[in-house]
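Novice:
This is the structure we're talking about:
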C-alpha cells in the first residue's frame, strides 16, 4: 500500500527562523511529489516536483526531490506568522488512466512573533 | 477562475440519515476527485472522475457511498444511512490536462457532523 510519512508532525519557531520539513514516500508507479499548504480551509497548491535534484522556488519557499532516496524537503526561510499552517506532502502515482495522490499526515508549523 | 466550489460548507445530521454534497470544479477541468479528511490526518482518496466516467473508487468507499458526475461538469457525493465514523471533511479537487499528473486544486470542503 502506498505510504507518505512527514516529519516532524509539529514544529514551533520564531519569526525569522528557517525551517525544513521532511517527506518520505513509497508510491506505486510514482510520477510526482506535491506540497500543499492548509490553513483552515482548502489545501493550497505550492509545488509539484517530478525530477530529482532540481530545486523549485517561490519567494521564501523552496523544495527539492530525491527520487533515489525517495524523499523531499520543503524549506521556508525568514518565516512569518502568516506561514503558520499545516504543510501536506503528497505522492502522485499512476494506475491506468488514474493519477492518485497519497497524502502524509502533515506538519503543523506554528510561527510565533 | 473562480476555484473549486463545494456546497454545503457544513452539514449536521442524525445517524441513519442520507446526505448529499455537491462539487463544482474549476471550469473546463476534466478530472475531478473526492477525498475525505479527518482531524490530524491528510486527505484520503475516495474516487476519481475523468469527464463523466468514474474510473476508480477506493476501498474506503463502502456501498453506502455513491458519486456521480453527470455530463462531466459538477459532481455529487451521497452517503446513505450515515454512521458516526462518516464524520469528516469531504474535499473535492479538480485538475485539467491531457497529461494525467497535473496539480489538483481543492475546494474548501464540506464538514459533515453525525449526531
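Residue numbers (the numbering used here), protein chains in the order written: chain A, 4 to 116; chain B, 38 to 152.
Cβ coordinates follow ideal geometry from the N, Cα and C atoms, glycine included.
State yes or no: is the beta carbon of residue 79 (chain B) nearer than 8 Å to at least one beta carbon in chain A?
Specialist: Residue 79 (chain B) counts as touching chain A.
Novice: Residue 105 (chain B) versus chain A: which residues are under 7 Å apart at the beta carbon?
Specialist: Within chain A, no residue comes near residue 105 (chain B); the closest Cβ sits about 17 Å away, beyond 7 Å.
Novice: Considering only their Cβ atoms, is the gap separating residue 28 (chain A) from residue 15 (chain A) smaller than 8 Å?
Specialist: No, these two residues do not count as a Cβ contact at 8 Å.
Novice: Return the residues of the segment 38-49 of chain A that lie within a Cβ-Cβ distance of less than 7 Å from chain B, sorted by chain order.
Specialist: Answer set for the segment 38-49 of chain A: 44, 45, 46 and 48.
Novice: Closer than 9 Å, Cβ to Cβ, to anything on chain A: give me those residues from the segment 101-126 of chain B, in chain order.
Specialist: Hits within the stretch: zero.
Novice: To the nearest angstrom, how far is it from the Cα of residue 35 (chain A) to the Cα of residue 94 (chain A)?
Specialist: When rounded, the distance between both Cα atoms is 6 Å.
Novice: Mind pulling the beta strand (DSSP E) runs of 3 or more residues that sit fully within the segment 98-149 of chain B?
Specialist: The qualifying runs are 102-105, 112-116 and 125-132.
Novice: Taking the beta strand (DSSP E) that residue 59 (chain B) falls in, what are its first and last residues?
Specialist: Element bounds for residue 59 (chain B): 56-61.
Novice: Using a Cβ cut-off of 8 Å, pull out every chain B residue sitting near residue 107 (chain A), in sequence order please.
Specialist: Here the neighbours are 79.
Novice: For residue 71 (chain A), which residues in the same chain have their Cβ closer than 8 Å to its Cβ, ignoring the five residues on either side in sequence?
Specialist: Closer than 8 Å at Cβ, skipping near neighbours: 55.
Novice: Do residue 141 (chain B) and residue 158 (chain B) have their beta-carbon atoms positioned less than 8 Å apart in this structure?
Specialist: The structure shown does not extend to residue 158 (chain B), since chain B spans only 38 to 152, so no value can be given for it.
Novice: Taking only the alpha-carbon atoms, compute the straight-line gap between residue 127 (chain B) and residue 18 (chain A) and give it to the nearest angstrom.
Specialist: Their Cα atoms are separated by approximately 33 Å.
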